[in-house]
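Trainee: In this note's numbering, the protein residues as written are 1298 to 1476.
First, the structure itself, so that you have it in front of you.
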Amino acid sequence: LKVCGFLTRQHESSELKTQLVQIHAWEVLGKFSFMRKQQAVTVYLTWDQNEDDYDLFLSGPFGQGSSHLIGNEQYAILSVGGKDPILAESAEQLMQQHMGWQFPVLDLRYWVKGQASPDSEATEVRDAMGLLESLQQHGWQVKFSRYKRQGDTWLPGRIKISGHQLKFTFAIKEWTIRG
């Protein structure tokens, strides 16, 4: 019986990984919180991902203060509060220039689905169903919880990211899978 249970979990985990790899287009609605030293900010987030192209819209309570980040692996454009857009070669570079810290934006498109970025090594911890509980990648500790079934796939509802003296929490309210 133990062998059967192990083989079933192994099969489920393998099937889940395959399902996650096949998700290339989605929209996520939720809240994104950022904490650094004594500073804490929470914004509403609408994230539209289509293959490599991303479009993130962040707004404060009651629509107060907004930012719009669009791009892909070749470029990123940040628009903040009606000011002229800022162009950079990557979202990471924009974050460094505008916020003063780096964040692996391109990896987040994998982390949000409950998987490690395929571009580098990661240490993963999975639960009995094969769902990712936590991972370490690029010096970031990422914890996943509140999984919800979306069609045939389990996707995380909460992601906590910490590292490099920063903490982020992403609470996902709604997933729309488009492909």
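A virtual CB, placed ideally from N, CA and C, is assigned to each residue, including glycine.
1) Around the Cβ of residue 1398, are there at least 16 other Cβ atoms within 10 angstroms (buried) or fewer (exposed)?
2) Just to confirm the assignment: which complete beta strand (DSSP E) runs, minimum length 3, are found wholly within the segment 1371 to 1402?
3) Give the list of continuous beta strand (DSSP E) stretches no shorter than 3 residues that lie fully inside the segment 1434 to 1468.
4) Whose C-alpha, out of 1458, 1462, 1369 and 1445, is nearest the C-alpha of residue 1330?
5) Assign residue 1478 to one of two classes, buried (16 or more other C-beta atoms within 10 Å of its C-beta) or exposed (fewer than that).
6) If you reduce the DSSP assignment to three classes, tell me which class residue 1431 lands in.
7) Tell me the rounded alpha-carbon separation between residue 1427 and residue 1451.
8) Could you pull the start and end residues of the beta strand (DSSP E) that residue 1423 belongs to?
9) Which residues share a DSSP beta bridge with residue 1352?
10) Cβ atoms of residue 1341 and residue 1353: under 8 angstroms apart, would you say?
11) Kindly indicate which three-state DSSP category residue 1470 falls into: helix, strand or coil?
12) Who pairs with residue 1330 in a beta bridge, going by DSSP?
13) Please go through the same chain and pick out, in chain order, the residues whose beta-carbon is closer than 6 angstroms to the beta-carbon of residue 1435, but skip the five residues on each side of it.
14) Mind the definition here: the segment 1311 to 1324 touches the segment 1455 to 1470 only if three or more C-beta pairs lie below 8 angstroms; say whether that holds.
15) Identify every residue that forms a DSSP beta bridge with residue 1318.
Mentor: Once the coordinates are examined:
1) In the sequence shown, counting from the first residue as 1, residue 1398 sits at position 101. Classification of residue 1398: exposed, given that the 10 Å Cβ count is below 16.
2) Whole beta strand (DSSP E) segments, 3+ residues: 1373 to 1377 and 1383 to 1385.
3) List check, beta strand (DSSP E) in window: 1437 to 1442, 1445 to 1447, 1450 to 1452 and 1455 to 1460.
4) For the purposes of this step, residue 1330 is taken as the residue at position 33 of the sequence shown. Nearest of 1458, 1462, 1369 and 1445 to residue 1330, Cα basis: 1458.
5) In the structure displayed, the chain extends from 1298 to 1476; residue 1478 sits before or after that span and is not available.
6) For the purposes of this step, residue 1431 is taken as residue 134 along the sequence shown, with counting starting at 1. Note: residue 1431 maps to strand in three-state DSSP.
7) Position 130 of the sequence shown, counted from the first residue, corresponds to residue 1427. Position 154 of the sequence shown, counted from the first residue, corresponds to residue 1451. Near 10 angstroms, if we compare the C-alpha coordinates of residue 1451 and residue 1427.
8) Within the sequence shown, numbered from 1, the residue matching residue 1423 stands at position 126. That run of the beta strand (DSSP E) goes 1420 to 1423.
9) For the purposes of this step, residue 1352 is identified with residue 55 of the sequence shown, where counting begins at 1. Beta-bridge pairing links residue 1352 to 1345 and 1367.
10) In the sequence shown, residue 1353 corresponds to position 56, counting from 1. In the sequence shown, residue 1341 corresponds to position 44, counting from 1. Taking the C-beta atoms as reference points, residue 1341 is found no nearer than 8 angstroms to residue 1353.
11) Position 173 of the sequence shown, counting from 1, holds the residue named residue 1470. Residue state for residue 1470 is assigned as strand, using DSSP reduced to three classes.
12) Numbered from its first residue, the sequence shown carries residue 1330 at position 33. Bridge partners of residue 1330 according to DSSP: 1339 and 1466.
13) As a working note, residue 1435 is residue 138 in the sequence shown. Closer than 6 angstroms at the Cβ level, and outside the excluded window around residue 1435, lie 1401.
14) These segments do not touch.
15) In the sequence shown, residue 1318 corresponds to position 21, counting from 1. Looking at the DSSP assignment, residue 1318 forms no beta bridge with any residue, so it has no partner.
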